[in-house]
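Have a look at the structure below before the remarks.
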Amino acid sequence: MMAVQPEDLAPLEQVVLGVLSLGLPPSRAAGDDRFRVDYVCAVTHGLRSAGHAHAYLDAASGRATREFREQLEEAVRALTEKGLVAQQPAGLPAAAGSIDAALAVDMVDPDIHPAVLDRYLGQQCMELLLRHPDVYPFLMERYAKAGEVWRRIRERLSPNW
Numbered sequence: 011m012m013a014v015q016p017e018d019l020a021p022l023e024q025v026v027l028g029v030l031s032l033g034l035p036p037s038r039a040a041g042d043d044r045f046r047v048d049y050v051c052a053v054t055h056g057l058r059s060a061g062h063a064h065a066y067l068d069a070a071s072g073r074a075t076r077e078f079r080e081q082l083e084e085a086v087r088a089l090t091e092k093g094l095v096a097q098q099p100a101g102l103p104a105a106a107g108s109i110d111a112a113l114a115v116d117m118v119d120p121d122i123h124p125a126v127l128d129r130y131l132g133q134q135c136m137e138l139l140l141r142h143p144d145v146y147p148f149l150m151e152r153y154a155k156a157g158e159v160w161r162r163i164r165e166r167l168s169p170n171w
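Counted the way this note's numbering counts, the sequence shown spans residues 11 to 171.
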């Protein structure tokens with residue numbers, strides 16, 4: 011069996027794997043809905059496919075549209091069927107397996123935050139996203155803010171760390 015490559019995936023599947031591989035904190039822990047997986051995927055996919063960040067966001071709420079969330083759920087189902095991600099049961103840490111267990115500060119919403127099973131492919135998809143000139147600044151801003159959030163969480167949970 012040949013290894014799956016990013017080009018074997020649909021564009022939204024690439025976005026999902028790439029975004030999940032960024033290591034962003036859960037939105038509840040960040041206190042910022044702009045860390046929601048559906049929001050980051052909507053903006054990223056909009057920048058890649060439509061040329062603007064708001065293509066898949068509701069103008070009134072600023073959240074991912076219902077239609078986009080349905081597409082996102084379908085992409086996650088397809089990735090699950092391919093064995094590339096796994097839905098996590100409710101109650102597990104949102105970043106299970108990728109951070110120190112002491113930082114389990116948020117619980118999974120299994121519909122939008124699956125675990126990446128093929129980390130190498132996830133890394134390739136993340137790099138693919140970062141090579142896009144419009145996507146790079148958005149994801150780097152989220153990544154920089156994520157570092158601040160993880161630092162605050164670590165300080166709160168382990169002040170002597």
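All C-beta atoms in this analysis are idealised placements derived from N, C-alpha and C, irrespective of residue type, glycine included. Treat the numbers as computed from the prediction; the structure is a model and nothing was measured.
How many Å lie between residue i and residue j at the Cα?
i, j, result
"ALA60", "THR54", "10 Å"
"ARG162", "SER37", "14 Å"
"GLN98", "THR90", "11 Å"
"GLY93", "GLU83", "15 Å"
"LEU167", "HIS123", "23 Å"
"CYS135", "ALA52", "16 Å"
"ARG44", "TYR153", "12 Å"
"GLU165", "MET12", "43 Å"
"GLU77", "TRP160", "31 Å"
"GLY28", "ALA156", "15 Å"
"ARG58", "PHE148", "11 Å"
"VAL26", "GLU80", "13 Å"
"LEU138", "ASP42", "26 Å"
"GLY56", "PRO21", "11 Å"
Flag this pair as yes or no: are the beta carbons of residue i and residue j separated by less than 8 Å?
i, j, result
"ALA88", "GLU23", "yes"
"VAL14", "ASP128", "yes"
"VAL50", "LEU34", "yes"
Does the Cβ of residue i have 16 or more other Cβ atoms within 10 Å, making it buried, or fewer, making it exposed?
i, result
"MET150", "exposed"
"LEU19", "buried"
"ALA40", "buried"
"HIS62", "exposed"
"GLY72", "exposed"
"PRO16", "buried"
"ALA70", "exposed"
"ARG141", "exposed"
When DSSP labels each residue in this structure, what does residue i get in the three-state scheme?
i, result
"ASP116", "Low confidence applies here, because ASP116 scores a pLDDT of 41, under 50, leaving its location unreliable and the question unanswered by this model."
"ALA96", "strand"
"VAL14", "coil"
"ALA125", "strand"
"ALA63", "coil"
"ALA20", "coil"
"ALA154", "helix"
"ALA74", "strand"
"LEU30", "helix"
Assuming the contact rule is C-beta atoms closer than 8 Å, residue i and residue j should be a hit. Round their C-beta distance to whole Å, please.
i, j, result
"VAL95", "SER31", "That belief does not hold up - the Cβ atoms of VAL95 and SER31 are roughly 11 Å apart, past 8 Å."
"ALA74", "ASP48", "4 Å"
Does the ligand HEM have a heavy atom nearer than 7 Å to the CB of residue i?
i, result
"ALA88", "Ligands displayed in this structure: none; no statement on the ligand HEM is therefore possible."
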